[in-house]
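Asks: Here you go, one structure.
Protein chains: 2
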Amino acid sequence: MLMHPECMLCNLNQVYRVINLMGLEEEVEKQLVSKVLAFLSEADYSRTNSHIMGETWKLITKEIGDPDPYARVKEKYNTLLLQAESELRNAILQVENSFLAALRLAVAGNQIDFAGRREVSFILKEVYHCMEQELVIDDSTGLLRELEKTRKLLYLGDNCGEIVLDKLFIEMIRKRYPNLTVLYGVRGRPVVNDVTLEDARMVGMERVARIIENGSGALGTVLNETSPEFQEIFKTADLVISKGQGNFESLSECRDQQIYYLLMIKCERVSRALKGPVNGLVCMRNPFS
Amino acid sequence: MLMHPECMLCNLNQVYRVINLMGLEEEVEKQLVSKVLAFLSEADYSRTNSHIMGETWKLITKEIGDPDPYARVKEKYNTLLLQAESELRNAILQVENSFLAALRLAVAGNQIDFAGRREVSFILKEVYHCMEQELVIDDSTGLLRELEKTRKLLYLGDNCGEIVLDKLFIEMIRKRYPNLTVLYGVRGRPVVNDVTLEDARMVGMERVARIIENGSGALGTVLNETSPEFQEIFKTADLVISKGQGNFESLSECRDQQIYYLLMIKCERVSRALKGPVNGLVCMRNPFS
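Going down the list, the protein sequences come from chains A and B.
Quick note: the first sequence, position 124, residue 124 per the numbering used here, numbers continuous.
Quick note: the second sequence, position 63, residue 63 per the numbering used here, numbers continuous.
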């Protein structure tokens, strides 16, 4: 999906989130906002919003002199979800269709928002609530069928906190298909609250998958900006599970490759594109493959 | 209140509202958004947001070639509230303190939002709901005392629809103080959904007040942009009743003049400044007078 004029609001909102988090001086704030506005006024609409958000992020972090303003927030959410890991695993194992439960939980995790100061009990309540929701687009049967044929699965992570739920889903996948090789893709550099190598290690992802950095700092997976190694893995994977809207937006025009998009619809624009409501949970097969 | 970096979001949101209303082509939309972003990136923080919003509005209307994109929406809301006028007047007259009821109703009217497609019954429900709310800042006793001494009252209007409730409040004021001269200030040019001469005439404001245009197209009352005639009236009025956040933001540093601000708090910034919650109803005496 190419960038849309509405995406400017997301870019600009990110500036304010960082401003609020950092408690910057008003003069610095003004300068930062003006620079981002000037950048956005010339942004290239032939790119995806993931790409532009990556550039906006570069500008923000350069201006405030901190490459990873969300470092503590990300750590906090990883910790909170790790504390709940056993409880969540038990919840998955108790239901009849553990695979589907783990899938829904992973998609539900896509709504873990790092902006507020929320406690683990509250987050869990929301996650459980989402788990009970029907998917608004549900190609999970197709995904199961594909997994049967898959030898090499590339799973593209999205946000911190949520990564613990990815790990649980991958555990269930591997339990069902023990011969599967799973690679877990993380961003090459910190960008907003997206998962990096550090987060994957923090949650022990290496116990269920080989972690692979994509070499890029875009908010999603802008393939031609990723490393040759990552591109090779992407191309040769039998199946890609892509988590979150950022990965979807950057990969949505991807042809041929077998991809299943797992995401929560987070804006009007994606809502219109997918014909599903905002906050709807989605498991959708790449329509072009 | 001088413009704050957060105000950029309000300016930008206005662009999207007009885009949605007009159903513009995506190419025109991109150009318009880029131009507004470029303008905002160089906006002068030593001005008020009302001032900047007026400039943004000029840019939007010039670009789309329509000086008054909200014309129909404004007419619709005036009509809806006119339909409810008798019911609302009766509601005011039935309560013990009709002056306070009319005041609250006028402030409550400040929440009539033109963005949605809402029916009169729904609007009325919200207005009645607001009427029952306590004011979060309540200098209404002071306002009553001031009105007793006032010969010339300048009442600064804010939005369409709401103007009908201003008229009812002015009716109650005049009933209590029959010798009072009331002037009703409207914008000099169409700007967003703010009241102009046309709206004041549509609702029959001339029956209760002399209508005066301020000669400016700012979203509020940027005094040094208003006409000499308006400035003279402003200066010589014994009391000014200023409706809405736009008027407050542009006049809030005004010294000496006796002003009572009637508004609903609509953003975090004003919430912080007034130490009242967003959506809180306010009747506040100018702290500098």
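Ideal Cβ positions, reconstructed from N, Cα and C, are used throughout, including at glycine.
(1) Would DSSP call K266 of chain B helix, strand or coil?
(2) Can you look up I163 of chain A in the DSSP assignment and give me helix, strand or coil?
(3) Are the Cβ atoms of D139 of chain A and M284 of chain A separated by less than 8 Å?
(4) What residue ranges within the region 34 to 76 of chain A form continuous alpha helix (DSSP H) runs of no fewer than 4 residues, ordered along the chain?
(5) Helix, strand or coil: which one does DSSP assign to Y177 of chain B?
(6) Residue range of the alpha helix (DSSP H) that I112 of chain A falls in?
(7) Closest to S50 of chain B by CA distance: which of B:K266, B:L81, B:A38, B:F248 is it?
(8) What does S242 of chain A pair with, by DSSP beta-bridge criteria?
(9) Less than 8 Å between the C-beta atoms of K235 of chain B and L156 of chain B, yes or no?
(10) Just to confirm the assignment, what range does the beta strand (DSSP E) spanning E213 of chain A have?
(11) Along the alpha helix (DSSP H) that carries C7 of chain A, what are the first and last residues, could you check?
(12) Can you tell me where the alpha helix (DSSP H) with M319 of chain B in it begins and where it stops?
(13) Could you tell me the distance, in whole angstroms, from the CA atom of T226 of chain A to the CA atom of G220 of chain A?
(14) Indicate whether at least one CB of chain A lies closer than 8 Å to the CB of V33 of chain B.
(15) Quick one: list the residues of chain B neighbouring S41 of chain A, beta-carbon separation under 7 Å, in chain order.
(16) For a contact meaning CB atoms closer than 7 Å, what does K266 of chain B contact in chain A?
(17) So, do the region 172 to 181 of chain B and the region 195 to 207 of chain B have three or more beta carbon pairs nearer to each other than 8 Å?
(18) Let me check understanding here. Comparing Cα to Cα, which of A:Y260, A:G109, A:E85, A:Q94 lies closest to R145 of chain A?
(19) Run the CB neighbour count on T141 of chain A, radius 10 Å, all protein chains shown included, and call it buried at 16 or more, exposed below.
(20) Residues in its own chain within less than 6 Å of G246 of chain A by CB, not counting five upstream and five downstream?
(21) Measure from the C-beta of K30 of chain A to each C-beta in chain B and report whether the shortest distance is under 8 Å.
(22) Please name the residue in B:K76, B:L37, B:L180, B:E148 whose C-alpha comes closest to that of I60 of chain B.
(23) Given N78 of chain A, which residues of its chain have a CB within under 8 Å of its CB, disregarding the five upstream and five downstream residues?
(24) For my contact list, L12 of chain B and L9 of chain A are in at a C-beta cut-off of 8 Å; report their separation, rounded to the angstrom.
(25) Taking 8 Å as the threshold (beta carbon to beta carbon), is Y261 of chain B in contact with chain A?
(26) Does any residue of chain A bring its CB to less than 8 Å from the CB of L290 of chain B?
(27) I'd like to know if L59 of chain B contacts chain A, where contact means its C-beta is closer than 8 Å to some C-beta of that chain.
(28) Quick one: what's D138 of chain B bridged to in DSSP?
(29) List, in chain order, every chain A residue whose beta-carbon is nearer than 7 Å to that of P5 of chain B.
(30) Check each candidate in B:E29, B:M1, B:D238 and name the one with the smallest Cα separation from E63 of chain B.
(31) So, V33 of chain A versus V18 of chain A, is the Cβ gap smaller than 8 Å?
(32) At least one CB of chain A closer than 8 Å to the CB of Y16 of chain B: is that the case?
(33) Let me confirm a value: R210 of chain A is counted as buried when at least 16 other C-beta atoms fall within 10 Å, else exposed. Which label applies?
(34) Excluding the 5 residues preceding and the 5 following H4 of chain A in the sequence, name in chain order all residues of the same chain whose CB lies nearer than 6 Å to its CB.
(35) From what residue to what residue does the alpha helix (DSSP H) around V191 of chain B run?
(36) Among A:P178, A:Y128, A:W57, A:S216, which has the Cα closest to the Cα of T150 of chain A?
Replies: On the basis of the data shown:
(1) coil
(2) helix
(3) yes
(4) 49 to 64
(5) coil
(6) That residue, I112 of chain A, is in no alpha helix (DSSP H); it is neither H nor E in DSSP.
(7) B:F248
(8) A:L156, A:Y261
(9) no
(10) 210 to 213
(11) 7 to 22
(12) As shown, chain B starts at 1 and ends at 289. That puts residue 319 of chain B outside it, with no answer to give.
(13) 10 Å
(14) yes
(15) S34, L37, A38, S41
(16) Neighbours of K266 of chain B on chain A: none; closest Cβ ~17 Å, over 7 Å.
(17) no
(18) A:Y260
(19) exposed
(20) S50, L219, G220
(21) yes
(22) B:L37
(23) C160, G161, I163, V164, D199, M202, V203
(24) 6 Å
(25) no
(26) Outside the displayed range of chain B (1 to 289) lies residue 290 of chain B, so it cannot be described from this structure.
(27) no
(28) B:C283
(29) E29, K30, V33
(30) B:E29
(31) no
(32) yes
(33) exposed
(34) R269
(35) Careful: V191 of chain B lies outside any alpha helix (DSSP H) and carries neither H nor E.
(36) A:P178
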